[in-house]
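First up is the structure itself, then whatever we jot down about it.
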Amino acid sequence: MIRIPCPFCGPRDHAEFSYGGDGSITYPALDAPLEAWHDAVFLRENICGRQVETWQHVHGCRLWLKVERDTMSHEIYSVTPADPALAKVLEGGE
Amino acid sequence: MTRFSGWNVFWQGMTGQKGWARQWRDPQPKSHYDVVIVGGGLHGLATAYYLASNHGIRNIAVLEKGWVGGGNAGRNTTIVRSNYAQPGNREFYEHSLKLWENLSHDLNYNVMFSQRSHIALLHSPGAIDAASRNYNTMRLTGTPDAEIWDLDRLKQAVPHLNYAADARFPIMGAAVQTRAGTARHDAVVWGYARAADQLGIDIVQNCGVTGVVREAGRITALETPRGRITAGKIGFAVAGNTSRLWTMAGLGRLPIESHKLQAFVSEPLKPLLDQVVVFGMGGSHFYISQSDKGGMVFGGDLDWYKSYAQRGNLPIVQDVAEAAMSVMPCLGRVKLLRHWAGVVDMSMDGSHFICRTPLDNLYLNTGWNYGGFKATPASGWWFADLIANDRPAPMIANFDLKRFERGLQIDERGAGPDPKLHG
Chain Z
1 MIRIPCPFCG PRDHAEFSYG GDGSITYPAL DAPLEAWHDA VFLRENICGR QVETWQHVHG
61 CRLWLKVERD TMSHEIYSVT PADPALAKVL EGGE
Chain E
1 MTRFSGWNVF WQGMTGQKGW ARQWRDPQPK SHYDVVIVGG GLHGLATAYY LASNHGIRNI
61 AVLEKGWVGG GNAGRNTTIV RSNYAQPGNR EFYEHSLKLW ENLSHDLNYN VMFSQRSHIA
121 LLHSPGAIDA ASRNYNTMRL TGTPDAEIWD LDRLKQAVPH LNYAADARFP IMGAAVQTRA
181 GTARHDAVVW GYARAADQLG IDIVQNCGVT GVVREAGRIT ALETPRGRIT AGKIGFAVAG
241 NTSRLWTMAG LGRLPIESHK LQAFVSEPLK PLLDQVVVFG MGGSHFYISQ SDKGGMVFGG
301 DLDWYKSYAQ RGNLPIVQDV AEAAMSVMPC LGRVKLLRHW AGVVDMSMDG SHFICRTPLD
361 NLYLNTGWNY GGFKATPASG WWFADLIAND RPAPMIANFD LKRFERGLQI DERGAGPDPK
421 LHG
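Protein chains in written order, with the numbering used here: chain Z, 1 to 94; chain E, 1 to 423.
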């Protein structure tokens, strides 16, 4: 079991969360060329080691989180809200 | 090499079993080969074997970072079937099943292929309709043994499933492939390794690739702990570790993700289950068969998050145990002997890639998702054909890296481009 420190609910078992996927993808604009969409939808870096990924705390606060995790050791380095505005509020900004 | 035959077994029995030689050599790698296959698993060894036996190429090395049969080849649940409905897949897996049927003779090695039927349970009229469509497609496209069983027939064949009418998902029938079954996974690896070695192929264990030397559009050499090896042609067949090699070759991203899949084996029991039984309903997934040693061999879903670790998590153990109890309550007191995980190369549409790459002399075999074991003979057969002839045969024409650019997804489940959903 991986323990994920949810910034809102505290450390919880990963069974409370739903795995999203690669969090490093930035989706292109709707009118971007097809190749850009192909790359974003179908291609993955598939890192062995530290990667950023998305998890949703479905059995908790239901928020989407960005988790930095090692895909070999499963060690978790950081957890922040996926929504940048919310992340800023947590950091104490406006 | 002593051939296996009834006479030889008898003769060795009479002479103290002293005449058996080791099954394959342990050669020092040469500095150059015509073809180097990276990955000494089932697919890599099968590829090397068919390159030699079908195409007459003998100067081949298979490089394996651990020992042959130590990766997914030794971690799967040994199911062989060809119940696919999508064009491309169905022909490919049916060809594979036909190769399985003669594999023991072909390799002179008993792979214990047992065509004991594959029974997929159905739990609603809608599921029966959908399965009927798929299994009719199979019958029309060259797989004659696809059947839909009603409840009476199923109860006769497997009387000890949970047929309770008030079960959460009552069993209503089954989609059955009667030529499907299981094989002894270790025997398949050893059989291919032994047969390949006999044809002069060097199987080099403890020899992982640590670097890829490129020159313009070619790979000129592979760096290994046992020296630099140059090769005319290079094939990657490394399942879950494909992206790491791909990155080493400076080729960027791939349409695959590495996930881990668990498998389980129980303590040995008296004969209990003569078939492969599969239960898949909503979020639950479970498949089970009994090995010749008596252990119940079973598995369920992926661990659900990306991982390169060959160890499984406990929530899935619980899921699988719950599914086991709902399908075969008689397993309730059976003790679990072992469970483990393998790293699988989940692709974006649940189908594989056997194709050329952006580099002239590099060929790729990956994206086997849940189902690499049954694909072994055909995967080796067509990958060898591709490497030898440098063009994709019609059988694998759509299993290239560009199919998504053409708008083609060979998505058996219709799950969409998310690797974890193609279990």
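Here a beta-carbon is modelled for each residue, glycine too, at the ideal position from N, C-alpha and C.
9 Å or more divides the Cβ of E:Ile219 from the Cβ of E:Ala237. Cβ-Cβ distances below 7 Å link E:Met112 to Ala183, Arg184, Ala187 and Asp292 in the same chain, with the five nearest sequence neighbours on each side left out; the list follows chain order.
Within the region 29-50 of chain Z, those residues whose Cβ lies closer than 9 Å to any Cβ of chain E are, in chain order, Leu34, Glu35, His38, Asp39, Val41, Phe42, Leu43, Arg44, Glu45, Asn46, Ile47, Cys48 and Gly49. Counting only Cβ-Cβ distances below 9 Å, Z:Glu53 has contacts in chain E at Tyr305 and Lys306, in chain order. For E:Arg90, the three-state secondary structure derived from DSSP is helix. Between the region 115-134 of chain E and the region 74-90 of chain E, the count of C-beta pairs closer than 8 Å reaches three or more; the two stretches touch. At a cut-off of 9 Å, the C-beta of E:Gly252 has a neighbouring C-beta in chain Z.
At a cut-off of 3 residues, the continuous stretches assigned as beta strand (DSSP E) that sit fully inside the region 203-247 of chain E are 211-215, 218-224 and 227-236. In chain order, Glu257, Ser258 and His259 place their CB closer than 7 Å to the CB of E:Lys306, counting only its own chain and leaving out the 5 sequence neighbours on each side.
In the structure shown, Z:Phe42 falls within a helical segment according to DSSP collapsed to helix, strand and coil. Residue E:Leu251 holds the alpha-carbon nearest to the alpha-carbon of E:Thr357 among E:Gly191, E:Leu251, E:Val204 and E:Met346. Across the set Z:Lys88, Z:Ser78 and Z:Asp83, the C-alpha of Z:Ser78 shows the shortest separation from the C-alpha of Z:Gly10. Taking 9 Å as the threshold, the shortest C-beta distance from E:Lys65 to chain Z does not fall below it. Per the C-alpha coordinates, the member of Z:Leu90, Z:Arg50, Z:Cys48 and Z:Leu65 positioned closest to Z:Gln56 is Z:Leu65.
Between the C-alpha atoms of Z:Asp70 and E:Gln17 there is a straight-line separation of about 50 Å. In this structure the region 275-290 of chain E touches the region 314-323 of chain E; the number of beta carbon pairs closer than 8 Å is three or more.
Straight-line measurement puts the Cα of E:Glu223 at about 7 Å from the Cα of E:Val213. Listed as beta-bridge partners of E:Trp149 by DSSP are E:Ala174. Annotated three-state conformation of Z:Cys61 is coil, per DSSP. Not one beta carbon of chain E lies nearer than 9 Å to the beta carbon of Z:Thr80. The beta carbon of Z:Tyr19 falls within 9 Å of a beta carbon belonging to chain E, placing the residue at that interface.
What E:Lys30 touches in chain Z, judged by beta-carbon distance under 8 Å, is nothing: the nearest beta carbon there is about 30 Å away. Here Z:Gly23 is near Z:Ala82, since their CB atoms are less than 9 Å apart.
In the DSSP assignment, E:Lys374 falls outside any beta strand (DSSP E) and within the unbroken alpha helix (DSSP H) covering Gly372 to Asn389.
Separation of the CB atoms of E:Gly380 and E:Tyr50 is rounded to 5 Å, and the pair is thereby assigned contact status at 8 Å.
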